[in-house]
Amino acid sequence: MDMRGKTVLVTGSTDGVGRYVASELAGQGAAVLIHGRDASRAKTLIDEIKAKGHAGPIFYQADLSSLAGARQLAEAVKADHKKLDVFVSNAGIGSQNSGPQRQESADGYELRFAVNYLSGFLLAHLLLPLIRAAAPARIVNVASLGQHPIDFDDVMITKNYSGSRAYSQSKLSQIMFTIDLAHELKGTGVTVNSLHPATYMNTTMVRAGGITPISTVEQGGAAILHLVEGDDVANKSGLFFNGMNEMKANAQAYDEAARKRLRALSLKLTGLSA
Ligand SMILES: NC(=O)c1ccc[n+]([C@@H]2O[C@H](COP(=O)([O-])OP(=O)(O)OC[C@H]3O[C@@H](n4cnc5c(N)ncnc54)[C@H](OP(=O)(O)O)[C@@H]3O)[C@@H](O)[C@H]2O)c1
């Protein structure tokens, strides 16, 4: 895809791999909408992009640890734009951000499930009219190889909590949502795929986990950019990629009943079913 003039929203682009992807897309002439929580980090990125002679991205500030924050972000984007060619749902927290203990979102949901999955689920639905209006258009959900099946009797992980289980459950949820949404969008010209960008990139969330990075944001960024603009994936949808290559996700992703259950729960938790 030629990215010149294309409007692209990358959530979580004030840091890490999202920052790299936003910068690359701006360099290719896309109108990039960057998002994060911190206005000063956004300004530094905007200045950096402008200094290279590219159009400065627009910054949208929103905290996705509350559904109100996700709604506010969607409203702000909708107020400014009539179409969205690409939505990269990338914002996230790792297994250890702000400590190993179980935490809850503003809405009282397990925090990793809320930030990494529910906010992206809600954003995708609220932005869908803009994305459909841009067809052919793409949604890219940045998930992970870290995947843990959902225990539907304890989705908020009140028992046997670990940050790694919570992170991996949220990432599998994104993948299950991707498959589901692809079915829904069949024939609309909008594709949706998910991926593991790269393993232990040198980013804030990896460092917060005390893990020694083994890959770079350039490597993970290339995998995300492949799904954003690659011609070879233009007609692929509902798939999971490990880096550049398609692969199978955890078995629960292909369990239709589990996906249906997750979808019903997500619609309820986000208030979309009301
Ligand atoms: N790093 C890896 O090796 C790896 C591997 C597999 C998958 N991934 C996935 O890649 C994506 C990006 O991760 P990264 O490694 O680049 O992480 P990162 O450097 O920690 O960046 C995370 C981004 O998400 C934003 N964010 C975090 N919490 C937020 C909240 N409550 N509300 C709004 N924005 C929030 C951050 O904004 P602020 O600037 O405001 O903090 C930041 O822009 C994540 O979905 C992650 O699960 C990463």
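Under the working numbering, the very last position in the sequence shown is 288; numbers go up by exactly one each time. In this text, a Cβ means the ideal position worked out from N, Cα and C, and glycines have one as well.
Among the bridge pairs identified by DSSP, Phe-191 is matched with none. Secondary structure of Tyr-214 (DSSP, three-state): coil. Taking Ala-157 as the centre and dropping the five residues before and after it, the same chain places the C-beta of Lys-185, Gln-188, Ile-189, Ser-208 closer than 6 Å to its C-beta, in chain order. A buried status is given to His-162, since no fewer than 16 other beta-carbon atoms sit within 10 Å of its beta-carbon.
The segment 228-244 makes contact with the segment 255-262; the number of CB pairs closer than 8 Å reaches 3 or more.
Proximity of the segment 75-95 to the segment 136-156 meets the contact definition, three or more beta-carbon pairs being nearer than 8 Å. Inclusion of Tyr-123 and Leu-283 in the CB contact set at 8 Å is warranted, their separation being smaller than that value. In this structure, the CA atom of Val-247 is about 14 Å from the CA atom of Ala-196. For Thr-58, the enclosing alpha helix (DSSP H) begins and ends at 53-65.
Taking a cut-off of 8 Å on C-beta distances, the segment 71-79 touches the segment 119-138, as three or more cross pairs fall below it. Fewer than three pairs of CB atoms, one per stretch, sit closer than 8 Å, so the segment 214-223 makes no contact with the segment 262-282.
Distances from the CA of Ala-84 to each of Gly-106, Gly-67, Ile-63 were compared; the closest alpha carbon is that of Gly-106.
Not one heavy atom of ligand 1 is found less than 7 Å from the C-beta of Leu-132. Unbroken beta strand (DSSP E) runs of no fewer than 3 residues, entirely contained in the segment 141-190, are found at 151-156, following chain order. Distance from the C-beta of Arg-179 to the nearest heavy atom of ligand 1 is not below 7 Å.
It is roughly 8 Å from the alpha-carbon of Val-129 to the alpha-carbon of Ser-119.
A distance of 8 Å or more separates the beta carbons of Thr-205 and Arg-277. Counting of Cβ neighbours within 10 angstroms places Gly-177 among the buried residues, the total reaching 16 or more.
Burial check for Asp-16: the Cβ neighbour count within 10 Å stays below 16, so the residue is exposed. Beta-bridge analysis with DSSP links Thr-21 to Ala-45. In this structure Val-31 does not touch Val-46 by the C-beta definition: roughly 14 Å separates them, more than the 8 Å allowed. Per DSSP, Ser-280 lies in no beta strand (DSSP E); the unbroken alpha helix (DSSP H) holding it starts and ends at 270-283.
Here Ala-40 is not near Ile-72, since their CB atoms are 8 Å or more apart. CA-CA distance, Ala-44 to Glu-243, rounds to 11 Å. Counting C-beta atoms within 10 angstroms of its own C-beta, Ser-112 has fewer than 16 neighbours from the protein chains shown and is therefore classed as exposed.
With respect to Leu-125, Leu-87 sits apart: the two C-beta atoms are not nearer than 8 Å. Distance from the CA of Asn-104 to the CA of Ala-65, rounded to the nearest whole angstrom, comes to 25 Å.
Per DSSP, reduced to three states, the secondary structure at Ile-72 is strand.
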